[in-house]
Structures are given as C-alpha cells and as structure tokens.
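Heads up, the thing below is written out as structure tokens.
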Amino acid sequence: MKVNKKIVTIIPISIIIFLFLLTNGSQFKSIANQQAQQLYLKYSYNSVDEYRVATYNHDSLGELRRNLSIHFPYTKNTDEIPRNIWQMWKHDDVKSLDKGLQDLIETWQHQENFTYKLIPDNYLDVFINETFAETAPMVMEAFHKLPLIILKSDFMRYLLMFVYGGVYSDIDTSLHRNLTKWISYENTITPNLPNQIGLVMGIESDRDEKNWARNSMPRRLQYCQWTLQSKPGHPMYRELITRIVDLTLNHFDPKTMTLIKNGKTFDLNKGSNTKQSGILQWTGPATITDALFDYLNEVYKTSELLDPELDFKQDKMIDPNRDLNLLSKVKFEKLRGATHNEYIPVERPIGWQNFTKQVHPILFDDDVLLLPHISFGNREGGDLDYVMHHFKGSWKN
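Residue numbering for the sequence shown follows this note's numbering, beginning at 208 and increasing consecutively.
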C-alpha cells in the first residue's frame, strides 16, 4: 500500500502549527485585540476633542465639561477668529480715567472692522446669569462665590473668550501692531494651507534663574492672561473654566477665606502674605498655564492614540525653534521648586523645556498658535511685537 508523501509531510507540519498556536495563542490574540482596538479608535472618532468628550468622567465636573461642549461646541475650522475686542473696567466712562489710560484704550478702540466693547463691573452678573443659568449652572454658582473682583475679572475674560471669542486685553495695555497683521489673521507659518488657528497664547515670563519664583512668579515659564485671543468654544478654555469651578466650589472656604490647591493653603484675607499668590494660583497665570500645558499634552497623546502611525512632534508641530537647540542655552534647567509642567518622556511630551527661549511662533495641531515672549511680554521691536503691558497694577486694588 502506497502512502502519499504529501500527507505524511503535512501532518507533522500541522501538528507543529497546532502546538505553536496552543502555546502562543494568547499572544496572537492580544495583538489582534490591540489592532482591533486601534481600528475602532481610528474610525469611531472624527476628532481628538470628540474622543476627549466621550471619555469624560461621570461625575459633576465631567457633566460640566459635557454641558460646555454641547452648548459651546468647537471643531477645528477655517472660520476667522471673531473680530471682537474686549476690555473690562469698574465702569464704562472712559473719559473719567486718567489721560494715560485713555491713550492706551484708544489704541484698541479704533481698529477698523472690529467691534470694541468695554465691559463694566455691573454687567458681569448680568452676563453670567443670562449665559449660564440654564447651560452650566455650576459656572454661575462658582462666579457668584468668588470673593474678590479680580478673581471675577480673571474668570470673566476666560468666559468671554469661550462664549464669544475675539481678543481680550487689559486696559493698561497698548496695541503695537494692527490686529489684521497678527499671524492669527495673516497666517505666515503655513501660507499655502487653510488657516485653522483657533487659540493664541503668548509667553508672559520665562525665568531662567536660580530663584525663578521671586516676585511671586507662580511658574518657571508661564503664559500671560492680560492679552488673549481665541475662537469661541475652544476646548482649552473649557478645561480652564472647569478647573476654576472646581477650585471655587470644592476647595475654597468662604468663612475663613482660604483656598487649598495642590496641598497648599492660601489666605485671601486682606493683609495676608499669601493673598496675591492665591489669586495667581486660583484664576491667574498659574491656572491658565497649567491648563494650557495639560491640553497640549492631551492632544499630543490622544492624536497618537487615535493614529498610531502619527509622529505628532514631526507631523503636527511646526516649530522653527527646534533647530536652534534653545534648551542648550538654559543656565538653570534643574531648578529648585520647578515641579510644574515638566517634560517627562512619553508621559508628558510637552513641558516648559519645549518653549523656553522661544524665538519663533509655534503652530500646534494647526489650531494653537504659541507666540514667543516678544509678542505679549513687553519686548519691543519687529513684526511679532503685538502688545505692551504697562503694569498699572490696578488689579491689586
């Protein structure tokens, strides 16, 4: 009887394959599951923000984030940043201000084809109640609980950006360059591509000093909030607003006038030596800087999660500073107390180290324009000199 040699050969091979799969099946299953998950993520969400909204926690803050995303939606688009100019003061009688402030305000008032509005203190409650009583009552509750007008003023500027968009600038700033010549309107970074810039942030302070926290500077590198620019509904402001609501409703005691943040207690009572620091940490540059860095990191990591073939830093960050090796110019890279917004490989790919000594504007994810210190940070000269802050210090009153 003849035995088919092919059958004899196939049987041992089949046994070997069976034993191999039996031994390593879980590994192949894991790979298959991983690939299936990647395909699911890639084709289930149209944007990074859609994924972020879908993964919000099911608690009061998660519900707030969802409400804000529903009532003030945002998608990257080529619509122009609204031509609104916002400023705030105790009242709207500009002529009663000293001549110096009047001259500064005038640099903003007469921008052609822009709508200028000076918001007085007595309008703040009206705006909050009309805008958030139904859409996000936690925002309204937090605003009314804020104990100082400067805290309300800070919060209000973020809410104006979030609800209406445009440009906000303190009344003790002067406009140095026509708004239509700003990169946000005249995109010279990617001139051959559609302009999708929706958020503009400028560096306020970049302290390459051993004692960087002098003068109550809350962050090693921090972004300013005396001048802001955004399209309405931007997700960074959604996160910032939620953080301020959380601090106000859950970490502030109105009876003792104390705020607890990151394990530190700030006394907001008059004459307290931690009052100013508390303001900066609660609604000031510390909070907006942290919210910005966390947002950038989340977009970076989520983009690569949704598209594993993406190299975000190479594909989605236009950064002419990278070739300048600016970090090598830093004198004090490891700083005492510099525990905020650090670069951590994989976990936090975006830290202050990415932007220190920045010379050129950076375009992040086609959407976020990060300006160097010269633009908003009181350094005169050149096409990137947009705004000068004259530090009248009225907020301390």
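Yeah, the Cβ is synthetic: ideal placement off N, Cα and C, and Gly gets one too.
*Would you please verify whether the beta carbon of Ser437 is less than 7 Å from any beta carbon of chain B?*
Going by chain labels, chain B is absent from the structure shown, which holds only one protein chain.
*Helix, strand or coil for Arg414 per DSSP?*
Assigned with DSSP and collapsed to three states, Arg414 falls in coil, not helix or strand.
*Opening and closing residue of the beta strand (DSSP E) in which Lys471 lies*: Note, Lys471: beta strand (DSSP E), 471-474.
*Mind pulling the beta strand (DSSP E) runs of 3 or more residues that sit fully within the region 344-403?*
DSSP runs (the beta strand (DSSP E)) wholly in the region 344-403: 373-376, 380-382.
*Is it right to say Ser251 is buried, meaning 16 or more other beta carbons lie within 10 angstroms of its own, or is it exposed?*
Under the 10 Å beta carbon count, Ser251 is surrounded by fewer than 16 other beta carbons and is classified as exposed.
*Give, in chain order, every unbroken run of the alpha helix (DSSP H) that is at least 4 residues long and sits entirely within the region 477-519.*
Taken in chain order, the complete alpha helix (DSSP H) segments of 4 or more residues contained in the region 477-519 are 482-489, 492-513.
*Along the beta strand (DSSP E) that carries Pro439, what are the first and last residues, could you check?*
First-last for Pro439: undefined, no H or E at that position.
*Would you mind reading off the limits of the alpha helix (DSSP H) that contains Thr338?*
Counting along the chain, the alpha helix (DSSP H) containing Thr338 begins and ends at 331-339.
*Taking buried to mean at least 16 other C-beta atoms within 10 Å of its own C-beta, is Gln306 buried or exposed?*
Residue identity differs from the one stated: residue 306 is Lys in this sequence, not Gln. Exposed, by the Cβ-count rule.
*Host alpha helix (DSSP H) of Trp315 (start-end)*: 306-316 is the extent of the alpha helix (DSSP H) around Trp315.
*Run through DSSP, which three-state label would Leu686 get?*
A question about residue 686 goes unanswered here, because the residues of the chain that appear run from 208 up to 604.
*From what residue to what residue does the beta strand (DSSP E) around Leu466 run?*
For Leu466, the enclosing beta strand (DSSP E) covers residues 465-468.
*How would you write the range of the alpha helix (DSSP H) that Ile277 sits in, first residue to last?*
DSSP places Ile277 inside the alpha helix (DSSP H), whose first and last residues are 267-278.
_Using C-beta distances below 8 Å, list every residue in its chain close to Arg272, excluding the 5 sequence neighbours before and after it, in chain order._
When the five nearest sequence neighbours on each side are left out, the beta carbons in the same chain lying within less than 8 Å of the beta carbon of Arg272 are those of Val260, Tyr263, Arg445, Glu446, Thr449, in order along the chain.
*For Leu578, collect the residues of the same chain with a Cβ closer than 6 Å to its Cβ; drop the 5 residues on either side in sequence, then sort them by chain order.*
So the qualifying residues of the chain are Gly409, Pro568.
*What is the DSSP secondary structure of Thr342, counted as helix, strand or coil?*
In the structure shown, Thr342 sits in coil (DSSP, three-state: anything other than H, G, I, E or B).
*Which class does Ile430 belong to by DSSP, given the choice of helix, strand or coil?*
Looking at the sequence itself, residue 430 is Tyr, so the reference to Ile does not match. Strand at Tyr430.
*Return the bridge partner residues of Val255 from the DSSP annotation.*
For Val255, which the question treats as bridged, DSSP gives no partner whatsoever.
*Expressed to the nearest angstrom, what Euclidean distance is found between the alpha-carbon atoms of Val506 and Val255?*
Between Val506 and Val255, the C-alpha separation is close to 7 Å.
*Between Lys283 and Leu512, what straight-line distance do the alpha-carbon atoms span, to the nearest angstrom?*
Cα to Cα, the separation comes out at about 19 Å.
*Identify whether Val605 lies in helix, strand or coil by the three-state DSSP scheme.*
For residue 605 there is no data in the structure shown, the boundaries of the chain being 208 and 604.
*Length of the line joining the Cα atoms of Gly584 and Val370*: Answer to the nearest angstrom: the Cα atoms are 26 Å apart.
*Look at Phe500 and Asn548 and say whether their C-beta atoms are less than 7 Å apart.*
Contact flag set, yes.
*Asn480 and Met464 closer than 7 Å at C-beta*: Not a contact, by the Cβ cut-off of 7 Å.
*Sequence-distant residues of the same chain with beta carbon closer than 8 Å to Lys388, five excluded per side*: Taken in chain order, the residues that qualify are Asp590.
*In three-state DSSP terms, what is Val566?*
Of the three classes helix, strand and coil, the one that applies to Val566 here is coil, per DSSP.
*Using the rule of at least 16 other Cβ atoms within 10 Å of the residue's Cβ for burial, across every protein chain shown, is Ile557 buried or exposed?*
Burial is judged here by how many other beta carbons sit within 10 angstroms of a residue's own beta carbon; Ile557 has at least 16 and is buried.
*Of all the options Phe339, Thr455, Ser381, which has the alpha carbon lying nearest to the alpha carbon of Gln488?*
The shortest C-alpha separation from Gln488 is found at Thr455.
*Between Lys417 and Arg427, what straight-line distance do the alpha-carbon atoms span, to the nearest angstrom?*
Distance between the alpha carbons of Lys417 and Arg427: 10 Å.
*Is the region 355-367 touching the region 393-405, taking contact as three or more C-beta pairs under 8 Å?*
Taking 8 Å as the limit for Cβ pairs, the verdict is that the region 393-405 does not touch the region 355-367.
*Tell me, please, which residues DSSP counts as bridged to Tyr323.*
Note: Tyr323 is bridge-paired with Ile292 in the DSSP secondary-structure output.
*Can you check whether the CB of Met524 is closer than 7 Å to the CB of Phe571?*
In contact: Phe571 and Met524 (Cβ atoms closer than 7 Å).
*Would you identify the three-state DSSP class for Asp526, choosing helix, strand or coil?*
DSSP, read as helix, strand or coil, puts Asp526 in coil.
*Three-state secondary structure (DSSP) at Arg450?*
DSSP places Arg450 in helix when its eight states are reduced to three.
*asked:* On a Cα-Cα basis, can you pick out the residue from Asn504, Leu382, Met363, Asp573 that is closest to Val407?
replied: Of all alpha-carbon atoms in Asn504, Leu382, Met363, Asp573, the one lying nearest the alpha-carbon of Val407 is that of Asp573.
*Flag this pair as yes or no: are the beta carbons of Met368 and Leu435 separated by less than 7 Å?*
Yes, they are a contact pair.
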